[in-house]
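These notes concern the structure reproduced below.
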Amino acid sequence: MAHSAAHERLAALSSHLARPTAPPPDWPGALAALEATFPAHQLSLDLATRQQHGQSWGSLLPPAPPAAVLHALATSDVVAVVRIATRFGIVLIPTGGRTALEGQFTPTRQAASGEVVLPRPTIHVSLSRMNRVLELHAQDFQAVVQPGVGWASLNAYLAERDGVKLFFPVDPAPGSEFGGMAGVAGSGTNAVGYGTLRAEWIQGMTVVLMDGSVIRTKGTNRARKSTTGFDTGRLFLGSEGTLGIITELTVRLAPSVPLKVALTSFPSVANAVTAVVDILGAGLTPTSLELLDGTSIRGLNLSKILPDELPEEPTVLMRFSNPSDEVNRASLETVAKIVERAGGRELRVAKNEQENDELWKARKSQYWSQQLLIGAGCRTLITDVCVPISRLAEFVARSEVLVQRSGLVAPIVAHIGDGNVHRAILWKGAEGETERPKEVEHLAKALVKLALELEGTCAGEHGIGLTKRKYLRAELGEGTVALMRTVKRALDPLNLLNPGKVLFPEGEEEWV
């Protein structure tokens, strides 16, 4: 009763914030305004560039070139294009490294034939040229960056500096840029030690809203902590470009300290999970705990990336980071005992930085080595769910049954330290294929349903985009979804900013 009443109140509030109607789309007027406002090198109208921006390589959704690509160079450019879009009724989609896997920057409406039907002309606002480190406050462990800066580029910049070595520890895909990383609130292999982007690694943002105003989520405040006002920055972390366009970010940095890499294998995933729980329970502080199943190891062995083959068994790679080699050594001695108790093989520890890099290649090469399991024409759908660690072994065992029933190959790469599992569903596709086979879609949906059954989430770190919208109500509940829609209406009343992402268009919901 209470839940229903709360939902009704939110629905009433959402109705009260009735959305004004966007003007009919006027592309000729918008194009004239764009050409009058921006120099030619910032405005791409050629088909090749538009096609490049309309293709989402990771999601296999039908390509859909935007009407134009605006290459923003400053916050003022974003303000200008927002005002043009609202005046002429044009959709805006912010883009960056375009590494998103869930259709975050592709259209929302498709005909039954698979052909894309765009209700309004679309401008992609590319932020990749906004790629400068604006400020570095080393003593405060902070940097101010533009959204087109990649985390790897920032770390390369920091590594060249004299003095205390700093780095940004959240490490998603190598091509990821800070704007997109904030958009999905991503993480990576270091999440067990450093957390996700929601864990205060983004300390403030400059955001352009759809009325053309510019806000700074923490004002002029650079203090490490503050209890002033609502945490407005959290609105935009994970909003996937649907609430505002981020043009600057203040990021927190960490000291760069020596790493030690080790790996071992186990007779089963259950044994591996037992070891990981004991490692974390012993008070040890690994920065990374990664699981590769036997199928992933088979692909790795086919790749010949490592100098010697590994047993084709569930394998855990781990990294420990401490300024003291003695502490790292003591930690790994404790880990070796835990691994032995859990039935694992002898712990293999890198002896130097070169061996660190060699062993870690087993993890970083997975996307490519897994494709060797299928060969030429391999297509990949990377799934992304997260379950409580206590349910991880059950998830893997039950998901293996689903994979066997499907007849597909779906090796596992998991951030085992936080329960985030990626099964890469592999199949041999045809050239130019833009639709997933039905058995691939069925398996992907079954994996999400299993994760939700085990008190997990449909999206561990890749976001919602188009492909995960159907699960929001099952995971979050109707009241929370209604609240999200109310926030969207308040910040984007004309529904022109990346519409249809995260939330279904109103009246078009297809819940599972």
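Mapped onto UniProt numbering, the consecutive letters of the sequence shown carry residue numbers 1 to 512. The beta-carbon is built from N, C-alpha and C at its ideal position, and this holds for glycine as well.
Using C-beta distances below 8 Å, list every residue in its chain close to residue i, excluding the 5 sequence neighbours before and after it, in chain order.
i	result
residue 153	131
residue 113	Reliability of the predicted coordinates at residue 113 is poor, the pLDDT of 48 falling under 50, and the value obtained from them is presented with this limitation in mind. For residue 113, where only same-chain residues beyond five positions count, there are no Cβ hits under 8 Å.
residue 377	428, 429, 430 and 431
residue 128	71, 95, 96, 97, 148 and 177
residue 282	334 and 338
residue 27	67, 88, 90 and 121
residue 20	493 and 494
residue 239	183 and 502
residue 300	292, 306, 310, 362, 365, 366 and 369
residue 155	167 and 168
residue 456	385, 386, 387, 388, 391, 395 and 419
residue 163	138
Using a Cβ-Cβ cut-off of 6 Å (strictly less than) and excluding sequence neighbours within five positions of residue i, which residues of its own chain qualify?
i	result
residue 350	261, 356 and 359
residue 414	291 and 421
residue 37	80
residue 44	69
residue 510	470
residue 158	166 and 167
residue 555	Given a span of 1 to 512 for the chain in the structure shown, any question on residue 555 remains unanswerable.
residue 354	none
Between which two residues does the alpha helix (DSSP H) containing residue i stretch?
i	result
residue 438	438-453
residue 396	392-406
residue 35	27-37
residue 182	178-184
residue 191	191-194
residue 235	233-236
Nearest to residue i by alpha carbon, out of the options?
i	options	result
residue 235	508, 506 and 490	490
residue 416	391, 197 and 94	391
residue 523	397, 300, 348 and 380	Residue coverage of the chain in this structure runs from 1 to 512, which leaves residue 523 outside it and unanswerable.
residue 120	128, 85 and 99	85
residue 135	250, 400 and 492	250
residue 460	411, 383, 512 and 508	383
residue 201	209, 300 and 191	191
residue 35	25, 77 and 21	77
residue 133	125, 139, 144 and 266	144
residue 228	204, 243 and 240	204
residue 73	246, 442 and 280	246
residue 244	213, 253, 252 and 263	213
residue 411	209, 314, 252 and 266	314
residue 451	386, 486 and 472	386
residue 104	56, 150 and 473	56
residue 198	174, 170 and 206	170
residue 54	123, 179, 284 and 372	123
residue 25	92, 62, 160 and 346	92
residue 99	140, 52 and 82	52
residue 453	441, 41, 474 and 175	474
Note the first and the last residue of the continuous beta strand (DSSP E) segment covering residue i.
i	result
residue 489	It is not in any beta strand (DSSP E) - residue 489 instead sits in the alpha helix (DSSP H) that spans 478-491.
residue 423	420-428
residue 204	202-208
residue 413	412-415
residue 98	Where residue 98 is concerned, there is no enclosing beta strand (DSSP E), given that its DSSP letter is neither H nor E.
residue 260	259-265
residue 409	Where residue 409 is concerned, there is no enclosing beta strand (DSSP E), given that its DSSP letter is neither H nor E.
residue 228	Unbroken run through residue 228: none, as it is neither H nor E.
residue 249	245-252
residue 215	214-216
Cutting at 7 Å between CB atoms, please list the residues of its own chain near residue i, excluding the five before and the five after it.
i	result
residue 484	503
residue 507	none
residue 267	313 and 343
residue 150	97, 175, 176 and 177
residue 208	75, 78, 79, 82, 214, 244, 245 and 247
(message) So within the region 345-390, which uninterrupted beta strand (DSSP E) runs reach at least 3 residues, ignoring any that extend past its ends?
(response) 378-382
(request) Tell me the start and end of each unbroken alpha helix (DSSP H) in the region 268-347 that is at least 4 residues and wholly inside, in chain order. (result) 269-281, 294-303 and 325-341
(message) Check whether the region 212-220 and the region 491-502 touch, using three or more Cβ-Cβ pairs below 8 Å as the test.
(response) no
(message) Whether or not the region 361-371 and the region 413-428 are in contact is what I'm after, with contact meaning three or more pairs of Cβ atoms, one per stretch, closer than 8 Å; do they touch?
(response) Contact annotation: the region 413-428 touches the region 361-371, with at least three C-beta pairs closer than 8 Å.
(message) Quick test of the definition: if touching needs 3 or more C-beta pairs under 8 Å, does the region 297-310 touch the region 247-258?
(response) no
(request) Could you say if the region 272-279 and the region 323-342 meet the contact criterion of at least three C-beta pairs nearer than 8 Å? (result) yes
(request) List in chain order: all unbroken alpha helix (DSSP H) runs of 4+ residues lying wholly within the region 47-81. (result) 47-54
(request) Could I get the ranges of all uninterrupted alpha helix (DSSP H) runs contained in the region 113-168, with 4 residues as the minimum, in chain order? (result) 151-159
(message) Whether or not the region 44-53 and the region 185-204 are in contact is what I'm after, with contact meaning three or more pairs of Cβ atoms, one per stretch, closer than 8 Å; do they touch?
(response) no
(request) For the region 300-307 and the region 320-332, state whether three or more C-beta atom pairs, one from each stretch, are separated by less than 8 Å. (result) The region 300-307 makes no contact with the region 320-332: fewer than 3 CB pairs, one atom from each, lie closer than 8 Å.
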